[in-house]
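J.: Here's a structure for you.
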Amino acid sequence: METARTETRPPQTTRAAGMFRALAHRNYRLFWTGAFLSNVGTWMQTVAQSLLVFQLTRSGTWLGADSFMATVPGLLLTLVGGVIADTVDRKRLLIFTQACAGLSALVLSALVFAGVVKVWMILALSFATGCCWAISGPSYQAITVELVEREDLANAIALNSSQFQLARVIGPTLAGVTMQLLGLAGCFLANGLSYAAIVAALSQVRLPKRDGAGRERAIWRDLLEGFHYVRGRPRVGVVLLCSTVVSLFGTPYLVLMPMFAHNVYGWGGAGLSLLMGTAGAGALAGAVFLAYLGDFRRKGLLLLGTLFSGGACITAFASVARPAAALPILFGAGFSMVCFFAVGNTLLQQLVTDQMRGRVMSMWLLSFIGTMPLGSLVSGRAADYFGPSHTRAACGLVIFLFALIVAARYPRLREI
Numbered sequence: 003m004e005t006a007r008t009e010t011r012p013p014q015t016t017r018a019a020g021m022f023r024a025l026a027h028r029n030y031r032l033f034w035t036g037a038f039l040s041n042v043g044t045w046m047q048t049v050a051q052s053l054l055v056f057q058l059t060r061s062g063t064w065l066g067a068d069s070f071m072a073t074v075p076g077l078l079l080t081l082v083g084g085v086i087a088d089t090v091d092r093k094r095l096l097i098f099t100q101a102c103a104g105l106s107a108l109v110l111s112a113l114v115f116a117g118v119v120k121v122w123m124i125l126a127l128s129f130a131t132g133c134c135w136a137i138s139g140p141s142y143q144a145i146t147v148e149l150v151e152r153e154d155l156a157n158a159i160a161l162n163s164s165q166f167q168l169a170r171v172i173g174p175t176l177a178g179v180t181m182q183l184l185g186l187a188g189c190f191l192a193n194g195l196s197y198a199a200i201v202a203a204l205s206q207v208r209l210p211k212r213d214g215a216g217r218e219r220a221i222w223r224d225l226l227e228g229f230h231y232v233r234g235r236p237r238v239g240v241v242l243l244c245s246t247v248v249s250l251f252g253t254p255y256l257v258l259m260p261m262f263a264h265n266v267y268g269w270g271g272a273g274l275s276l277l278m279g280t281a282g283a284g285a286l287a288g289a290v291f292l293a294y295l296g297d298f299r300r301k302g303l304l305l306l307g308t309l310f311s312g313g314a315c316i317t318a319f320a321s322v323a324r325p326a327a328a329l330p331i332l333f334g335a336g337f338s339m340v341c342f343f344a345v346g347n348t349l350l351q352q353l354v355t356d357q358m359r360g361r362v363m364s365m366w367l368l369s370f371i372g373t374m375p376l377g378s379l380v381s382g383r384a385a386d387y388f389g390p391s392h393t394r395a396a397c398g399l400v401i402f403l404f405a406l407i408v409a410a411r412y413p414r415l416r417e418i
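For the sequence shown, our numbering puts the final residue at 418, and the numbers step up evenly by one.
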């Protein structure tokens, strides 16, 4: 039986051709394709759902509340998901949770088509989908190392980020077209159907038996073991701390995008798609850039650099009122953010052992998905009082100042 460990290694090639090295592995190629198609649908729903909430409420607070409900399960369940990822069949868990998330999207589509949707229904479905992702997220992250040879891991993570960001460009564009043809419900329907792609792909992936899978231990004992593991590795802790701050103050620049498009530029759905697509294009460029670099040295230096550039771009974007000037800055923000998270992911995957991978990656997910609810809720409320521009500028400034502190307090980060 062919497995991720017995596949023929890709031949040595040039750096440009090596950008796609991980795709030579059958298992990874299946996973990448299914995830890409599913993520296109997810981004279609992200744009349509934020617009739907804003149309129903005209409130930044409710936009923040919707993001809060989608991400608060990460705070509650991600660490448990990490323990599960180290003890059960990751592939089966992913198939089940992705199918449930697809069902949630189909339910929302039916509610909108029927004209009976209420804000509380949207929030409830966001919470249900968030639970699916919180439980499966660590497995989604940890399974990557099982799909390729270890020397191709950095490229696999960069390409995985590339497909997500490519979907981030295509999804909002398709959402704009779909909203014109089928309305908002069409976007939710497309997302629900797109989950079939990742379920089908995972069904065809063949993985080797993993040490530790199927063992039975107390969840809390495993959690404590994970915390002790991270506590004894300062480099891992610094990366997790950086991710926490970026998530608290960096993610609101996307959450508040519908309010920014409407209040600052006077744009509707098409304009929102343009803003989201521009940020996605920058993120895609960043992911492709990392794929081109491959397994480079001193990843910590790039991690620190993207902290500076991300904070600066978010602050600058909030300070510019002309779209022609704002869009290139938004592109830069997307570039910086995806480089930060992809490099951080790669660093952690390379620093931890296989036995602890699920638990450490659950802490990685918790550091940004778990803190995202608070950042979204507070920024949404602040935007109602101070406006989206001032709120964004303050968030970007916090990230920039934090980067200065990290550079001064953790000089060894630049040497990783």
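Where is the CB? At the ideal position from N, CA and C, for every residue including glycine.
Using the three-state DSSP reduction, which class does arginine 416 fall into: helix, strand or coil?
T.: Looking up residue 416 in the sequence shown gives position 414. Correct three-state label for arginine 416: helix.
J.: Return the residue from the list Met365, Leu367, Ser391 and Gln351 that minimises the CA-CA distance to alanine 158.
T.: For the purposes of this step, residue 158 is taken as residue 156 along the sequence shown, with counting starting at 1. Among Met365, Leu367, Ser391 and Gln351, the Cα nearest to that of alanine 158 belongs to Gln351.
J.: Output the boundary residues of the alpha helix (DSSP H) element that contains isoleucine 145.
T.: Here residue 145 refers to the residue found at position 143 of the sequence shown. Looking at the DSSP string, isoleucine 145 is not in any alpha helix (DSSP H), and its letter there is neither H nor E.
J.: Should tryptophan 45 be labelled buried (16 or more other beta-carbon atoms within 10 Å of its own) or exposed?
T.: The count along the sequence shown starts at 1 and reaches residue 45 at position 43. Buried, by the Cβ-count rule.
J.: Using 10 angstroms around the beta-carbon of isoleucine 407, count the other beta-carbons present and answer buried if the total reaches 16, otherwise exposed.
T.: The residue given as residue 407 occupies position 405 in the sequence shown. Exposed, since its Cβ has fewer than 16 Cβ neighbours within 10 Å.
J.: Pair every Cβ in the segment 34 to 52 with every Cβ in the segment 192 to 204, then say whether three or more of these pairs are closer than 8 Å.
T.: Yes, since at least three Cβ pairs between the segment 34 to 52 and the segment 192 to 204 fall closer than 8 Å, the two stretches touch.
J.: For glycine 20 and alanine 160, I'd like the C-alpha separation in whole angstroms.
T.: For the purposes of this step, residue 20 is taken as residue 18 along the sequence shown, with counting starting at 1. For the purposes of this step, residue 160 is taken as residue 158 along the sequence shown, with counting starting at 1. Between glycine 20 and alanine 160, the C-alpha separation is close to 12 Å.
J.: For threonine 355, count neighbouring Cβ atoms within 10 angstroms of its own Cβ and tell me buried if that reaches 16, exposed if not.
T.: The residue you call residue 355 lines up with position 353 of the sequence shown. By the neighbour-count rule (16 or more Cβ atoms within 10 Å), threonine 355 is not buried but exposed.
J.: Nearest to threonine 63 by CA position, among Gly389, Ala405 and Ala395, is which residue?
T.: Reading the sequence shown from its first residue, position 61 is the one you call residue 63. The option with the nearest alpha carbon to threonine 63 is Gly389.
J.: Contact check, glycine 84 vs glycine 346 under 8 Å by CB: the rounded distance?
T.: Here residue 84 refers to the residue found at position 82 when the sequence shown is read from its first residue. Here residue 346 refers to the residue found at position 344 when the sequence shown is read from its first residue. Actually they are not in contact, since the Cβ atoms of glycine 84 and glycine 346 sit about 16 Å apart, beyond 8 Å.
J.: Between tyrosine 294 and glutamate 153, what straight-line distance do the alpha-carbon atoms span, to the nearest angstrom?
T.: Residue numbering aside, residue 294 sits at position 292 when the sequence shown is read from its first letter. Residue numbering aside, residue 153 sits at position 151 when the sequence shown is read from its first letter. One C-alpha to the other measures close to 15 Å.
J.: If you follow the alpha helix (DSSP H) that histidine 264 is in, where does it begin and where does it stop?
T.: Stepping through the sequence shown from its first residue, residue 264 is reached at position 262. That run of the alpha helix (DSSP H) goes 259 to 265.
J.: If I'm right that alanine 281 touches glycine 336 with Cβ under 8 Å, what's the distance once you round it to whole angstroms?
T.: Counted from its first residue, the sequence shown places residue 281 at position 279. Counted from its first residue, the sequence shown places residue 336 at position 334. That pair is a contact at about 4 Å.
J.: Tell me whether proline 210 is buried or exposed, calling it buried when 16 or more other Cβ atoms sit within 10 Å of its Cβ.
T.: The residue labelled residue 210 in the question sits at position 208 within the sequence shown. Per the 10 Å Cβ criterion, exposed.
J.: Rounding to the nearest angstrom, what Cα-Cα distance links threonine 180 and arginine 237 in this structure?
T.: The sequence position of residue 180 within the sequence shown is 178, counting from 1. The sequence position of residue 237 within the sequence shown is 235, counting from 1. Taking the straight line joining both Cα atoms gives about 45 Å.
J.: How many Å lie between glycine 284 and alanine 130 at the Cα?
T.: Counting from one through the sequence shown, the residue named residue 284 turns up at place 282. Counting from one through the sequence shown, the residue named residue 130 turns up at place 128. Whole-angstrom Cα-Cα distance: 30 Å.
J.: Taking 8 Å as the threshold (C-beta atoms), are alanine 320 and glycine 398 in contact?
T.: Taking the first residue of the sequence shown as position 1, residue 398 is located at position 396. Taking the first residue of the sequence shown as position 1, residue 320 is located at position 318. Yes, they are a contact pair.
J.: Would you check if the distance between the CB atom of glycine 76 and the CB atom of alanine 136 is smaller than 8 Å?
T.: Here residue 76 refers to the residue found at position 74 of the sequence shown. Here residue 136 refers to the residue found at position 134 of the sequence shown. In contact: glycine 76 and alanine 136 (Cβ atoms closer than 8 Å).
J.: What does a CB cutoff of less than 6 Å around alanine 187 pick up in its chain, not counting 5 residues either side in sequence?
T.: For the purposes of this step, residue 187 is taken as the residue at position 185 of the sequence shown. Same-chain partners within the cutoff: Ser111, Val114 and Phe115.
J.: Enumerate in chain order the residues of its own chain whose CB-to-CB distance from leucine 25 is below 6 Å, with the five nearest sequence positions on each side excluded.
T.: Taking the sequence shown and counting its residues from 1, the one referred to as residue 25 is at position 23. Here the set comprises Arg31.
J.: Could you give the C-beta distance for tryptophan 269 and asparagine 162, rounded to a whole number, given that I count them as a contact under 8 Å?
T.: Counting from one through the sequence shown, the residue named residue 269 turns up at place 267. Counting from one through the sequence shown, the residue named residue 162 turns up at place 160. Between asparagine 162 and tryptophan 269 the Cβ distance is about 31 Å, and since that is not below 8 Å, they are no contact.
J.: Going by DSSP, what residue range makes up the alpha helix (DSSP H) through serine 196?
T.: As a position in the sequence shown, residue 196 is number 194, starting the count at 1. Start and end: 186 to 206.
J.: Suppose you measure from the CA of threonine 89 to the CA of leucine 226; what does that come to, to the nearest Å?
T.: Your numbering for residue 89 matches position 87 in the sequence shown. Your numbering for residue 226 matches position 224 in the sequence shown. Roughly 15 Å separates the two Cα atoms.
J.: Check whether the Cβ atoms of cysteine 189 and glutamine 100 sit closer than 8 Å, and answer yes or no.
T.: Counted from its first residue, the sequence shown places residue 189 at position 187. Counted from its first residue, the sequence shown places residue 100 at position 98. No, Cβ-Cβ distance for cysteine 189 and glutamine 100 is not below 8 Å.
J.: Among residues of its own chain, excluding the 5 on either side of phenylalanine 56, which ones have a beta-carbon nearer than 8 Å to its beta-carbon?
T.: Counted from its first residue, the sequence shown places residue 56 at position 54. Trp64, Leu65, Pro260, Met261 and His264.
J.: Just confirm the distance between the C-beta atoms of glycine 36 and leucine 286, as a whole number of angstroms; I'd bet it's less than 8 Å.
T.: Here residue 36 refers to the residue found at position 34 of the sequence shown. Here residue 286 refers to the residue found at position 284 of the sequence shown. About 19 Å; that fails the 8 Å criterion.
J.: Figure out for me which residue from Ser106, Tyr142, Ile145 and Ser141 has the closest Cα to the Cα of alanine 126.
T.: Against the sequence shown, residue 126 aligns to sequence position 124. With distances taken between Cα atoms, alanine 126 lies closest to Ser106.
J.: Do you know how far the Cα of glycine 234 is from the Cα of threonine 73?
T.: As a first step, residue 73 must be located in the sequence shown, where it is residue number 71. As a first step, residue 234 must be located in the sequence shown, where it is residue number 232. Straight-line Cα distance between these residues: approximately 29 Å.
J.: Please report how far the alpha carbon of alanine 177 lies from the alpha carbon of alanine 192, in whole angstroms.
T.: By one-based count along the sequence shown, residue 177 stands at place 175. By one-based count along the sequence shown, residue 192 stands at place 190. Taking the straight line joining both Cα atoms gives about 9 Å.
J.: As a quick exercise: from Phe342, Gly288 and Leu184, pick the residue whose alpha carbon is nearest that of leucine 243.
T.: Within the sequence shown, numbered from 1, the residue matching residue 243 stands at position 241. It is Phe342.
J.: With 16 as the cutoff for other CB atoms within 10 Å, does leucine 183 come out buried or exposed?
T.: Numbered from its first residue, the sequence shown carries residue 183 at position 181. Exposed, since its Cβ has fewer than 16 Cβ neighbours within 10 Å.
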